[in-house]
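Take the working numbering: the final residue in the sequence shown is number 231, and no numbers are missing along the way. All C-beta atoms, glycine included, are put in the ideal place defined by N, C-alpha and C. See structure below.
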Amino acid sequence: MFTDFITILDLVGVAVFAATGGLVASRKEMDLIGFGMMATFTGVGGGTVRDVILDRPVFWVEDHRYLLVCLGIALLLYFFASHVQRRYVVLLWSDAIGLAAFAVLGAQLAREADAGPLIAIVLGMITATFGGLARDLVAGETPLLLKQEIYATAALVSAAVYVVSVDSIGVAPLIAAIGAILTGFAVRAGAILFGWSLPRYKQRAGRIYK
C-alpha cells in the first residue's frame, strides 16, 4: 500500500511541478517547445539530481510515464493557460504542494538507498527545490529559492518531519508521509500568506586589523 502511495505521490508531484513550469512558460509567452522544456525541467529536475547523487537509475529514463506526464501537462497548458486569471498565484500554491510532496518522496527514496537520516533529509530538500530552481533560472526570473520568504526551509521541514517520524519515533510510513506533507505545506503557506522568513545576514563593514 505504501509503495503504491509513493508511486502516486511521485506522479502527482511531477505533474504539479510540470504545471508550474507550464505556467511560467505561459507568462513568458513561449512556443509549444518552450512549454515542453519548461514543464520537463521543472517536473523531473530535482529527482534527476537526487538519482545522480545516489548513483541510481534516473527515474524518468527507467519509466517513460514521467516524460509523458510532463509533456501532456505542457500541451494542456499551452491551450488552456490563458483561462487561468491569476497565473502567478496558481503557480505559488501549486509549487507549495509539489515542494512538500517531493521533499517526502526524495527523503524516502534516499532511505531506500540506505542513506543516513541527515543525507535523506538533504536529498529530500534537493528533490523538492532543484526543479523549481531550474525553471526560474531558465525563465530569467528570480528563483523562489532566493526570495526572502521561507521556501527551501519548508522542504527541509517536510523531509525532516518524515525521516524523524519514521526512523526515530516509529510512525507508520504512510501516516508519517501525510503528516510531513501537511506540515511542509503549512510552513510554505505561512510564508506565502504572512511573509514568514528567517533572519537574514546584514552586510556590515569588515574589521580592520593592524
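Subject >> Cα-Cα separation between Y172 and M22, rounded to whole angstroms >> reply: On the sequence shown, residue 172 is found 151 positions in, with the first residue counted as 1. On the sequence shown, residue 22 is found 1 positions in, with the first residue counted as 1. Going by the C-alpha atoms only, they are around 30 Å apart.
Original post:
Looking at C-beta atoms only, is the number of pairs between the segment 115-129 and the segment 52-62 that lie closer than 8 Å three or more?
Top reply: no
Subject >> Selection from C91, A60 and A198 that minimises the alpha carbon distance to D25 >> reply: Taking the sequence shown and counting its residues from 1, the one referred to as residue 25 is at position 4. When only C-alpha atoms are compared, the closest one is A198.
Original post:
Can you give the Cα-Cα distance for G145 and I213, rounded to whole angstroms?
Top reply: In the sequence shown, residue 145 corresponds to position 124, counting from 1. In the sequence shown, residue 213 corresponds to position 192, counting from 1. If I take the Cα positions, the gap works out to 21 Å.
Original post:
So, using beta-carbon positions, are S218 and E162 closer together than 8 Å?
Top reply: If you number the sequence shown from 1, residue 218 lands on position 197. If you number the sequence shown from 1, residue 162 lands on position 141. Not closer than 8 Å, so no.
**OP:** Check the C-beta distance from L165 over to G152 and give it rounded, since I have them as a contact under 8 Å.
**Re:** Stepping through the sequence shown from its first residue, residue 165 is reached at position 144. Stepping through the sequence shown from its first residue, residue 152 is reached at position 131. Contact doesn't hold; Cβ gap of about 11 Å is too wide.
Subject >> Close beta carbons around V159, own chain, < 8 Å, minus the five adjacent residues each side >> reply: Position 138 of the sequence shown, counted from the first residue, corresponds to residue 159. The residues are M58, M59 and F62.
Original post:
Roughly how many whole angstroms lie between the Cα atoms of V79 and P220?
Top reply: Taking the first residue of the sequence shown as position 1, residue 79 is located at position 58. Taking the first residue of the sequence shown as position 1, residue 220 is located at position 199. Approximately 36 Å between the Cα atoms of the pair.
Subject >> Unbroken stretches of the beta strand (DSSP E), 3 residues or longer, contained in the segment 104-128 >> reply: none
**OP:** Could you tell me if the beta carbon of S189 falls within a distance shorter than 7 Å of some heavy atom in the ligand PLP?
**Re:** Because no ligand of any kind appears in the structure shown, any question about the ligand PLP cannot be addressed here.
Original post:
Counting Cβ pairs closer than 8 Å, one from the segment 199-212 and one from the segment 175-183, do we hit at least three?
Top reply: yes
Original post:
Does the segment 33-41 touch the segment 91-100, meaning 3 or more C-beta pairs lie closer than 8 Å?
Top reply: yes
Original post:
Out of curiosity, what's the CA-to-CA distance linking R225 and D84?
Top reply: Here residue 225 refers to the residue found at position 204 when the sequence shown is read from its first residue. Here residue 84 refers to the residue found at position 63 when the sequence shown is read from its first residue. Near 51 Å, if we compare the C-alpha coordinates of D84 and R225.
**OP:** Verify whether the separation of the beta carbon atoms of A149 and L120 is less than 8 Å.
**Re:** By one-based count along the sequence shown, residue 149 stands at place 128. By one-based count along the sequence shown, residue 120 stands at place 99. Yes, the pair counts as a contact, with Cβ atoms nearer than the cut-off.
Original post:
Using DSSP with H/G/I as helix, E/B as strand and the rest coil, what is I228?
Top reply: Here residue 228 refers to the residue found at position 207 when the sequence shown is read from its first residue. Looking at the sequence itself, residue 228 is Arg, so the reference to Ile does not match. In the structure shown, R228 sits in coil (DSSP, three-state: anything other than H, G, I, E or B).
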